[in-house]
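Engineer: Can you keep this structure in mind? I'll have questions shortly.
Number of protein chains: 2
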Amino acid sequence: MEAVDHLAEERNRAEFDVEEMKIVWAGSRKEFEVSDRMARLVASDPVFRKDNRGILGRKELFKNTLRKVAYAWKRIIELRLSEEEASKLRFFVDEPAFTDLHWGMFVPAIKGQGTDEQQQKWLPLAYKMQIIGCYAQTELGHGSNVQGLETTATFDHETDEFVIHSPTLTSSKWWPGGLGKISTHAVVYARLVIDGKEHGVHGFIVQLRSLDDHLPLPGITVGDIGMKFGNGANNTVDNGVLRFDHVRIPREQMLQRVLQVTREGKCVESNVPRQLIYGTMVYVRQIIVADASRALSRAVCIATRYSAVRRQFGSQDGGVETQVIDYKTQQSRLFPLLASAYAFRFVGEWLKWLYTDVHACTAGLKSLTTSVTADAIEECRKLCGGHGYLFASGLPELFAVYAPAPTFEGDNIVLLLQVARFLMKTVSQLPSGKKPVGTTAYMGRAEHLLQCRCNVQKAEDWLNPSVVLEVFEARAARMSVARAQNLSKFANPEEGFAELSPVLVEAAVAHCQLIVVSKFFEKLQQDIPGKGVKQQLQVLCYIYALNILHKHLGDFIATGCISAKQASLANDLLRSLYSKVRPNAIALVDAFNYTDHFLGSILGRYDGNVYPKLYEEAWKDPLNDSVVPDGYQEYIRPLLKQQLRNARL
Amino acid sequence: MEAVDHLAEERNRAEFDVEEMKIVWAGSRKEFEVSDRMARLVASDPVFRKDNRGILGRKELFKNTLRKVAYAWKRIIELRLSEEEASKLRFFVDEPAFTDLHWGMFVPAIKGQGTDEQQQKWLPLAYKMQIIGCYAQTELGHGSNVQGLETTATFDHETDEFVIHSPTLTSSKWWPGGLGKISTHAVVYARLVIDGKEHGVHGFIVQLRSLDDHLPLPGITVGDIGMKFGNGANNTVDNGVLRFDHVRIPREQMLQRVLQVTREGKCVESNVPRQLIYGTMVYVRQIIVADASRALSRAVCIATRYSAVRRQFGSQDGGVETQVIDYKTQQSRLFPLLASAYAFRFVGEWLKWLYTDVHACTAGLKSLTTSVTADAIEECRKLCGGHGYLFASGLPELFAVYAPAPTFEGDNIVLLLQVARFLMKTVSQLPSGKKPVGTTAYMGRAEHLLQCRCNVQKAEDWLNPSVVLEVFEARAARMSVARAQNLSKFANPEEGFAELSPVLVEAAVAHCQLIVVSKFFEKLQQDIPGKGVKQQLQVLCYIYALNILHKHLGDFIATGCISAKQASLANDLLRSLYSKVRPNAIALVDAFNYTDHFLGSILGRYDGNVYPKLYEEAWKDPLNDSVVPDGYQEYIRPLLKQQLRNARL
């Protein structure tokens, strides 16, 4: 990419075919090709520059995003891009915008919950962006508990309309992205009320703003909820607040694929499977798992490259210092994250094809991957030392953008408790002889797993998929069964569940980690071409698993799955695996195929030319516009020139 | 503080004297009184408002800080505040500024490393702010490794001067706060060169800017290094870049308390103890430990109050939902952090009086407390759910301000490795019969600790300081001794140390956690007046210790210090301790005595009146200045009104 490659030596040391690994990472040659083309298209267009986001005030920042969105749309039309290409292009523009909600939530909600007629009416308008929509579910006082929403949609027999209303302050819609200043329409979730009787929470298409002058329609109060975490970050999005004062919509604007309200105000349930209600949610959580590996890989790419550039200590007498990536402490923090990026990529790929226990799986994996990723981005920032704290490193911004992921679309703890509930139910059904399927199939071998003993006697014995898998299965099964036994001691099961919830969450995590490990091993059973590619993935897979074993040692030893000695052997092996990754580290992050534009990090530059560029970038800060700063005359000069008399200092 | 107290019921449930706890937290009645008075002074003065920091562009933000600093100084003079009062006032202004470095690093460096004459010359100027100074140590290419600094100070025999020079790009001073736009002087660290021979790194007082017009002096290039993490956060500080082109200073401006250069260019070491060089560093790290408990307690205060206000789930049929603080998952995450805030407060207090092994101790505790605190602030944000992501929650800003702490003033991993080295040395000296003292005194009982067995048989048995302490001592001792044994297998000890560094870090953490636990128990042996105060602290102390035991279960069980059964009993006890804290939680954070101004969080308001204030605050965002946003005409309207013809979508 650049004339001088400061990391060329690192790249020459790689022991595998990085071009083939790019295909594995992308998912297929086709996906690689589209991604690569769209990424270059965005990176080469100056309109999409993003290095100035940190210094813009809120209004400039927001307007700048509108400009980029309009321009991206113009390019999509001009180049006649397909839906897949358009979606990739938006992804590489890498600026959170109201369009994320329009395409990612509004359109899927109508697709999933609208009848055929509703889809025919609304989708073409949305596809052409003749209307812009958002997804208005959460309220000021209500997030995770959808059934606790307060907004009402009351059927009016006379006019054949629903009256949408916000009865309290806490019922104000709060958070929906794109709502604050841009959306013309929203899918609004509200309690359906007919003749004073409640019929659960449903979605309604409500127009918010005039298509002529963009002013809010009568009865609608709408605005932005203010600044969020970070400099630019998600402040490019108009997360909004919305209140309804008896706003009327035609009956046809209730999304009624599952439940229909007739002209007479009768509720008629369709024979569409109930699970379809969760369709949007499950779909969105799949996307979130895929996004986790993208965000994680991006942070890891920055930290890995910079760790090869940065030198510190290790030389006496002014010789060249040691690259920080050669320190074992750095490797033991960085390489498990690199392994996790690949692990999450493969589990996300698998999730797309999941049919059984899809709800528990997406919930658990959403929780696991977003928590790990958010922490990992921050860990990568720390691995970059002081310079990681600069906006120019890209990591603060990546973190601020990613930070809400563990909370949005299902708080991670709430989701893990759902997984735990599913696990407890599975355990309780074991005596009946009902064989568990899907990701809990291993529970069918509970009898064996509760008593099996690990046979590892030397470090290399750990290099066996069935050994590692059995240990992970045994740990997950034993934790679930032990929790179930403790639960059974409570007279009231719900009280017991509440009381034991902190340890139930741990059992859920163990189950989810097992899924990720097993899907990684499954991936390795596929035919993977390219010199050394599969070998690298094998090393990463063992690092992923054995690092979890080390971090959660208490689980594995306390349940008797492994001995302290076996744990110590696993840790010895882990150390030797880090040495195997070391020469391939730069190539393994190159395989993500991220452009410098997308990475948005001086520390993570492809060419490793970090210091001159950091130095250059510094002078662009507005504070450097003048040598003597604004404020010197008023506030600093008087300080320096004062004559102190009556101070006690 | 407010007319209606939404948390009054919570406060009525407290089982201890919160006013007495405030004294314990503050350290003494006197300190409480000064803090309280200064906090109110700042909170009641509109000049010190800080809620608008997130929306300001860089230049406005910076100028606003200069204004506050000048005003704070004016008030300090007018009110004839003492040094202690002035320092508290600056603390409660709660805006990072160049003055932090002037008072916290420049002045202490001259005090610690300057001769008496140098102190007499420079300190009065600094105290009166007739000069403003910063501390220029780190360079673009050099952070942790001070001996690797490249800036040179070459003695010129002819003119009796030092020539300060930046020979390379990577030698540019980089990061010093206050340097970029404000400081007139700096203590610059450079390699002393006399007649071509190097004599280590020393500090030199260098004037950077003219006291007349504030322009950089000849040979000096200086500027700001650009935006950092967060909205306002540390962007109120002008962290700077500085290059010297053969800048000359008189010989007398080398700080020469330890090493003096004579007129003839001879180096003369003084008989001042060498450790004094580290005086500033140790002093600064003590401050950092104290600051950690402040930042942590602040985040915990916000999360605890909001957890009592926030309700979610738990009711059928529209009844009142459950306060989220009543969920065990919330308690198991929040209460250990509350306990840590108190634990860090007490260990920080103790650190001030430390004489033995002070270097290893401050290094280890700096590392432990800053890592835990940074993670805890982010955990508190997550505990506040979605609203924690709003700037108005105060938590994003607190995190962004705090984020550099694990890296600055000694990278935490580097510091833990220093502790590990100290521990390995201690273990290696055991056979010689030399009794370890200070915080490693317990190693003197290594023989016993390596074989002792924990006698806990029921949960309550854990409620015994000597039981808990012995388990923590045994774990720390066994981890150190095991690492030492592994080290001895390497032919080259340095290679062994590098290879085993990841697990050596774990041994260092175990040692530091033991220190915190033991200092908490020591605190409880003091006379602590006030109804129920000591009881509350006892509960928190056990929570602190037993939570660590749970999180690091692998250490405790793998080393055979406790059995799986005993660990499970400890966890049962932990659960019951959470129930004991629950009614006191709000009062325990009230005891921090933070004003709403200082907390800077709508979620953490004293009166719990969260939702109306969040709603009110939202409308202040600049995006809400107009109903139709700037950019609509150019970018949104054309989108909505377009006639699509040739698109493929």
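As you go down the protein sequences, you meet chains A and B in turn. Quick note, the first sequence lines up with residues 1 to 649 if you use the UniProt record's numbering. Quick note, the second sequence lines up with residues 1 to 649 if you use the UniProt record's numbering. Ideal placement from N, C-alpha and C gives every residue a C-beta, glycine not left out.
1) Just the Cα atoms here: how many angstroms apart are residue 27 of chain B and residue 342 of chain B?
2) Flag this pair as touching only if the region 476 to 483 of chain B and the region 451 to 467 of chain B have three or more C-beta atom pairs under 8 Å; answer yes or no.
3) Following the continuous beta strand (DSSP E) through residue 189 of chain B, name the residue where it begins and the one where it ends.
4) Under the assumption that residue 329 of chain A contacts residue 413 of chain B (Cβ atoms under 8 Å), give the Cβ distance between them as a whole number of angstroms.
5) Would a check of beta-carbon distances place residue 557 of chain A closer than 8 Å to chain B?
6) Tell me which residue opens and which closes the alpha helix (DSSP H) that residue 153 of chain B is part of.
7) Find the residues of chain A that neighbour residue 661 of chain B, judging by a C-beta separation of less than 8 Å, and give them in chain order.
8) Please name the residues in the region 329 to 353 of chain A whose beta-carbon is closer than 9 Å to at least one beta-carbon of chain B, in chain order.
9) Helix, strand or coil: how does DSSP classify residue 266 of chain B here?
10) Tell me, to the nearest whole angstrom, how far the beta carbon of residue 304 of chain B is from that of residue 585 of chain B; I am working on the premise that it is less than 8 Å.
11) If contact means a Cβ-Cβ distance below 8 Å, which residues of the region 596 to 623 of chain B contact chain A?
12) Against residue 129 of chain B, what residues of chain A qualify as contacts under a CB-to-CB distance less than 8 Å, listed in chain order?
13) Which partner residues does residue 260 of chain B have in the DSSP bridge list?
14) Using 8 Å as the limit for Cβ to Cβ distance, is residue 382 of chain B near chain A?
15) May I ask you to report which of helix, strand or coil DSSP gives residue 202 of chain B?
16) What residues in the region 204 to 228 of chain B bring their beta carbon closer than 9 Å to a beta carbon of chain A?
17) So which residues on chain B does residue 242 of chain A lean against when the C-beta distance must stay under 7 Å?
18) In terms of DSSP beta bridges, what is residue 94 of chain A paired with?
19) Label residue 39 of chain B either buried or exposed according to how many other C-beta atoms from any shown protein chain fall within 10 Å of its C-beta, with 16 as the threshold for buried.
20) Indicate whether residue 600 of chain B and residue 50 of chain B have their beta-carbon atoms separated by less than 8 Å.
21) Tell me whether the beta-carbon of residue 418 of chain A lies closer than 8 Å to the beta-carbon of residue 351 of chain A.
22) Is there a Cβ of chain B sitting closer than 8 Å to that of residue 327 of chain A, yes or no?
23) Using 8 Å as the limit for Cβ to Cβ distance, is residue 659 of chain A near chain B?
24) Starting from the C-beta of residue 157 of chain B, find all residues in its chain whose C-beta is less than 7 Å away, skip the five residues before and the five after it, and write them out in chain order.
25) For residue 523 of chain B, would you say it is in contact with chain A, using Cβ-to-Cβ distances shorter than 8 Å as the test?
26) Given residue 535 of chain A, which residues of its chain have a CB within under 8 Å of its CB, disregarding the five upstream and five downstream residues?
27) Residues of chain B with CB under 8 Å from residue 321 of chain A, in chain order?
28) Among the residues of its own chain, which have a CB less than 7 Å from the CB of residue 391 of chain B, if the five just before and after it don't count?
29) Using the beta-carbon of each residue, which ones in chain A are nearer than 7 Å to residue 63 of chain B?
30) Mind listing the chain B neighbours of residue 542 of chain A? Cutoff is C-beta to C-beta under 9 Å, in chain order.
31) So is residue 635 of chain B buried or exposed if we call it buried at 16+ other beta carbons inside 10 Å?
32) Comparing the C-beta of residue 29 of chain B with each C-beta of chain A, is any distance below 8 Å?
33) Any beta carbon of chain A sitting closer than 8 Å to that of residue 231 of chain B?
34) Starting from residue 279 of chain A and walking both ways along the alpha helix (DSSP H), at which residues does that stretch end?
35) Is residue 182 of chain B close to chain A, meaning its C-beta is less than 8 Å from at least one C-beta of that chain?
36) Go through the UniProt domain "Acyl-coenzyme A oxidase N-terminal" (17 to 132) of chain A residue by residue and report every complete run of the alpha helix (DSSP H) that reaches 4 residues or more, in order.
Structural biologist: In this structure, then:
1) Residue mapping note: residue 27 of chain B aligns to position 27 of the second sequence, counting from 1. Residue mapping note: residue 342 of chain B aligns to position 342 of the second sequence, counting from 1. C-alpha separation (whole angstroms): 12 Å.
2) No contact exists between the region 476 to 483 of chain B and the region 451 to 467 of chain B.
3) Taking the first residue of the second sequence as 1, we reach residue 189 of chain B at position 189. Where residue 189 of chain B is concerned, the enclosing beta strand (DSSP E) stretches over 185 to 194.
4) Here the question's residue 329 of chain A lines up with position 329 in the first sequence. Here the question's residue 413 of chain B lines up with position 413 in the second sequence. Correct: roughly 5 Å between the Cβ atoms.
5) Translated into the one-based positions of the first sequence, residue 557 of chain A becomes position 557. Judged by the 8 Å Cβ criterion, residue 557 of chain A is in contact with chain B.
6) Residue mapping note: residue 153 of chain B aligns to position 153 of the second sequence, counting from 1. For residue 153 of chain B, no alpha helix (DSSP H) run applies; the uninterrupted beta strand (DSSP E) run containing it begins and ends at 152 to 156, by DSSP.
7) Any question about residue 661 of chain B goes unanswered here, given that chain B covers just 1 to 649.
8) Taking 9 Å as the Cβ-Cβ cut-off against chain B, the residues of the region 329 to 353 of chain A that qualify are 329, 330, 331, 332 and 333.
9) Within the second sequence, numbered from 1, the residue matching residue 266 of chain B stands at position 266. Residue 266 of chain B: coil per DSSP, three-state reduction.
10) By 1-based counting over the second sequence, the position of residue 304 of chain B is 304. By 1-based counting over the second sequence, the position of residue 585 of chain B is 585. Taking a contact as a CB-CB distance under 8 Å, the pair residue 304 of chain B and residue 585 of chain B counts as one, their CB atoms being some 5 Å apart.
11) If the cut-off is 8 Å between Cβ atoms, the region 596 to 623 of chain B has 611, 612, 614, 615, 617, 618, 619, 620, 621, 622 and 623 near chain A.
12) If you number the second sequence from 1, residue 129 of chain B lands on position 129. Result: 639, 640 and 642.
13) Translated into the one-based positions of the second sequence, residue 260 of chain B becomes position 260. B:268.
14) Reading the second sequence from its first residue, position 382 is the one you call residue 382 of chain B. Yes, because at least one Cβ of chain A sits closer than 8 Å to the Cβ of residue 382 of chain B.
15) Within the second sequence, residue 202 of chain B is the residue found at index 202, counting from 1. Residue state, collapsed to three classes: strand.
16) So the list reads 209, 211, 213, 214, 215, 216, 222, 223, 224, 225, 226, 227 and 228, given in the order they occur along the chain.
17) If you number the first sequence from 1, residue 242 of chain A lands on position 242. Identification of chain B residues near residue 242 of chain A by a Cβ-Cβ cut-off of 7 Å yields none; the smallest Cβ-Cβ distance measures about 11 Å.
18) The residue given as residue 94 of chain A occupies position 94 in the first sequence. Paired residue(s): none; residue 94 of chain A is not in a bridge.
19) Along the second sequence, read from residue 1 onward, the residue named residue 39 of chain B stands at position 39. Residue 39 of chain B comes out buried.
20) Within the second sequence, the letter at position 600 stands for residue 600 of chain B. Within the second sequence, the letter at position 50 stands for residue 50 of chain B. Between residue 600 of chain B and residue 50 of chain B, the C-beta gap is smaller than 8 Å, which places the two residues in contact.
21) Locating residue 418 of chain A in the first sequence gives position 418, where the first residue counts as 1. Locating residue 351 of chain A in the first sequence gives position 351, where the first residue counts as 1. Result no, Cβ atoms of residue 418 of chain A and residue 351 of chain A do not sit closer than 8 Å.
22) By one-based count along the first sequence, residue 327 of chain A stands at place 327. It does: the Cβ of residue 327 of chain A has a partner Cβ on chain B nearer than 8 Å.
23) Any question about residue 659 of chain A goes unanswered here, given that chain A covers just 1 to 649.
24) For the purposes of this step, residue 157 of chain B is identified with residue 157 of the second sequence, where counting begins at 1. Hits under 7 Å: 265.
25) Locating residue 523 of chain B in the second sequence gives position 523, where the first residue counts as 1. Under the 8 Å criterion on CB atoms, residue 523 of chain B is classed as non-interfacial with respect to chain A.
26) By 1-based counting over the first sequence, the position of residue 535 of chain A is 535. For residue 535 of chain A, where only same-chain residues beyond five positions count, the Cβ hits under 8 Å are 15 and 16.
27) For the purposes of this step, residue 321 of chain A is taken as the residue at position 321 of the first sequence. The contacting residues are 145 and 148.
28) Here residue 391 of chain B is taken as the residue at index 391 of the second sequence, counted from 1. Once the five neighbours on either side are set aside, the close Cβ partners of residue 391 of chain B are 54, 231 and 397.
29) Start at 1 with the first residue of the second sequence, and residue 63 of chain B comes out as number 63. Those within 7 Å of residue 63 of chain B in chain A are 630 and 631.
30) Numbered from 1 along the first sequence, position 542 holds the residue referred to as residue 542 of chain A. What residue 542 of chain A touches in chain B, judged by beta-carbon distance under 9 Å, is nothing: the nearest beta carbon there is about 16 Å away.
31) Position 635 of the second sequence, counted from the first residue, corresponds to residue 635 of chain B. The residue in question, residue 635 of chain B, is buried, as its Cβ has 16 or more Cβ neighbours within 10 Å.
32) Within the second sequence, numbered from 1, the residue matching residue 29 of chain B stands at position 29. Among the CB atoms of chain A, none fall inside 8 Å of the CB of residue 29 of chain B.
33) Reading the second sequence from its first residue, position 231 is the one you call residue 231 of chain B. At least one C-beta of chain A is nearer than 8 Å to the C-beta of residue 231 of chain B.
34) In the first sequence, counting from the first residue as 1, residue 279 of chain A sits at position 279. 279 to 309 is the extent of the alpha helix (DSSP H) around residue 279 of chain A.
35) Within the second sequence, residue 182 of chain B is the residue found at index 182, counting from 1. Output row for residue 182 of chain B: interface = yes.
36) Runs found: 18 to 26, 29 to 43, 58 to 78, 83 to 93, 98 to 101, 107 to 113 and 116 to 127.
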